[in-house]
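*Asks:* Going from the sequence shown to the numbering used here is simple: count from 1 and add 52.
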Amino acid sequence: MLTGVIFSNKDGLKDLKIGAKMPLPEYQMIDPLNGDEVALNSLMKSNGLLVIFSSNTCPYVIAWENTYSELSALGSELSIGVAIINSNEAFRENQDTPESMAQKAIDLGYNAPYLIDQNHVLADAFGARTTPHIYLFDGKAKLVYKGAIDDRYEGGKKNQPEINWLETAMNQLAKGEKVTPSTTREIGCSIKRVKK
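1) Would you call the stretch 177–186 and the stretch 109–121 touching, i.e. three or more CB-CB distances under 8 Å?
2) Expressed to the nearest angstrom, what Euclidean distance is found between the alpha-carbon atoms of N61 and K69?
3) Taking buried to mean at least 16 other C-beta atoms within 10 Å of its own C-beta, is T232 buried or exposed?
4) If you draw a straight line from the alpha carbon of S121 to that of R237, how long is it in whole angstroms?
5) Go ahead and pull the three-state DSSP assignment for G64.
6) On the three-pair Cβ rule with 8 Å, is the stretch 152–164 touching the stretch 66–81?
7) Spatial neighbours of D203 within its chain, please: CB distance less than 6 Å, with the 5 preceding and 5 following residues excluded, ordered by chain position.
8) How close, in whole Å, do the beta carbons of L130 and M222 come, if the pair is a contact with beta carbons under 8 Å?
9) Are P84 and A193 closer than 8 Å when you measure CB to CB?
10) Out of I201, Q147, A177 and Y79, which one is the CA nearest neighbour of S124?
11) Can I186 and I104 be called in contact, C-beta distance under 8 Å?
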């Protein structure tokens with residue numbers, strides 16, 4: 053029986069399966085606000101870690117980014133750490149510079165680190181395709197949820213979401229319940245990768 057394995061898709065990216073261990077937990081990323089190096093395992097709390105792949109200019113991110121601080125506050129309440137990751141290496145010299153990332157974190161009051169994933173190493177290991185793309189891990193660093201924050205863009209844009217998948221998943225995880233659904237369709241702009 054195969055559990056927690058990674059498969060490749062037609063786009064060549066690996067697909068992290070529910071139950072898989074967190075890839076590269078010790079990979080160091082720079083926090084442009086203070087220059088510190090931060091690894092995902094240092095952000096893990098007793099009930100797990102929420103990883104949000106994000107960017108500075110994607111319209112989908114802009115629609116959702118105001119929820120990041122709310123999700124961080126919920127994570128703090130539920131003992132779930134939060135990391136916001138920018139993997140847009142192809143835009144690192146213009147829209148997604150360290151300076152613009154730091155300013156966005158200040159302007160939006162992020163209460164979780166907004167980290168630079170140089171050369172999209174972490175995004176590639178996760179198989180992250182879009183901004184935003186959500187991954188929620190339990191306290192043993194096993195994936196329990198991946199996909200979208202809520203249903204705002206399912207079947208066309210809605211002013212307000214009807215189903216908050218991520219918030220539900222975080223609450224289920226903290227209560228020790230099975231996370232359901234465990235996978236939703238990620239919706240957003242493609243991560244801007246450099247050609248290798």
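All C-beta atoms, glycine included, are put in the ideal place defined by N, C-alpha and C.
*Replies:* Result, derived from the coordinates:
1) Touching, per the Cβ criterion.
2) What you label residue 61 is simply residue 9 of the sequence shown in a count that begins at 1. What you label residue 69 is simply residue 17 of the sequence shown in a count that begins at 1. Reliability fails at N61, whose pLDDT of 49 lies under 50, so the model's placement of it is uncertain and the value that follows must be treated cautiously. If I take the Cα positions, the gap works out to 12 Å.
3) In the sequence shown, counting from the first residue as 1, residue 232 sits at position 180. Flag for T232 reads exposed.
4) Walking along the sequence shown from the start, residue 121 turns up at place 69. Walking along the sequence shown from the start, residue 237 turns up at place 185. So the two alpha carbons sit approximately 22 Å from each other.
5) For the purposes of this step, residue 64 is taken as residue 12 along the sequence shown, with counting starting at 1. It is coil, neither helix nor strand.
6) Remark: fewer than three beta-carbon pairs, one from each stretch, lie closer than 8 Å, so the stretch 152–164 and the stretch 66–81 are not flagged as touching.
7) Looking up residue 203 in the sequence shown gives position 151. Excluding residues within five positions, the ones whose Cβ falls inside 6 Å are P213, E214 and I215.
8) Taking the first residue of the sequence shown as position 1, residue 130 is located at position 78. Taking the first residue of the sequence shown as position 1, residue 222 is located at position 170. Confirmed, about 6 Å.
9) Here the question's residue 84 lines up with position 32 in the sequence shown. Here the question's residue 193 lines up with position 141 in the sequence shown. In this structure, P84 keeps its C-beta atom at 8 Å or more from the C-beta atom of A193.
10) As a first step, residue 124 is located in the sequence shown; it is residue number 72 there, counting from the start. When I201, Q147, A177 and Y79 are compared, the shortest CA-CA separation from S124 is found for I201.
11) Counting from one through the sequence shown, the residue named residue 186 turns up at place 134. Counting from one through the sequence shown, the residue named residue 104 turns up at place 52. Cβ distance < 8 Å, so I186 and I104 count as in contact.
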